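K.L.:
Structure below; questions to follow.
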Amino acid sequence: MISEAFSREYGCTQDEWLRWMPEAVHGHAWSQPQTDGLVVEIGSGTLSLYWNVLPPRAIALIRLPRMTVNFRFSGVSEDERNAFMKRFDLHLQRGGG
479 MISEAFSREY GCTQDEWLRW MPEAVHGHAW SQPQTDGLVV EIGSGTLSLY WNVLPPRAIA
539 LIRLPRMTVN FRFSGVSEDE RNAFMKRFDL HLQRGGG
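So, in structure tokens, the structure goes:
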């Protein structure tokens, strides 16, 4: 069950994030009204995404980029939220097991 508002941390740069968006939103119209946010049209509602670039995560000599992303659905049913996020999450899944 996907709530109307939540936050997640992603291990990527802002440039990587923006490159992933056309495929991640899978055919939904979207716009970027500001450098740290975008709006996705889902049915008759919207998903607003706003992010903050965080300091890199340091593990020994490795530095991993990261950012926190805030999700806010407006006028999107629970079923539509679940379906959208299932596809979105699959696209952004990276490595691991």
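Convert by adding 478 to the 1-based position in the sequence shown; the result is the number in our numbering.
Even glycine gets a Cβ: it sits at the ideal position worked out from N, Cα and C.
From a predicted model like this one, the values you see are computed outputs, not experimental measurements.
#1: When you compare only the Cα positions, how much space is there between residue 492 and residue 543?
#2: Between residue 549 and residue 538, what straight-line distance do the alpha-carbon atoms span, to the nearest angstrom?
#3: So which of 536, 535, 512 has the shortest CA-CA distance to residue 529?
#4: According to the Cβ coordinates, are residue 547 and residue 527 closer than 7 Å?
#5: Just the C-alpha distance for residue 521 and residue 502, rounded to the nearest angstrom, thanks.
#6: When the Cα of residue 572 is compared with those of 483, 498, 519, which residue comes out closest?
P.N.:
Taking the definition as stated:
#1: Translated into positions along the sequence shown, residue 492 becomes position 14. Translated into positions along the sequence shown, residue 543 becomes position 65. Counting only the Cα atoms, residue 543 lies some 9 Å from residue 492.
#2: By 1-based counting over the sequence shown, the position of residue 549 is 71. By 1-based counting over the sequence shown, the position of residue 538 is 60. C-alpha separation (whole angstroms): 31 Å.
#3: Indexing the sequence shown from 1 puts residue 529 at position 51. Closest by C-alpha distance to residue 529, out of 536, 535, 512, is 512.
#4: Working through the sequence shown from its first residue, we reach residue 547 at position 69. Working through the sequence shown from its first residue, we reach residue 527 at position 49. Contact: yes.
#5: Your numbering for residue 521 matches position 43 in the sequence shown. Your numbering for residue 502 matches position 24 in the sequence shown. Between residue 521 and residue 502, the C-alpha separation is close to 16 Å.
#6: Taking the sequence shown and counting its residues from 1, the one referred to as residue 572 is at position 94. By alpha-carbon distance to residue 572, the top candidate from 483, 498, 519 is 498.
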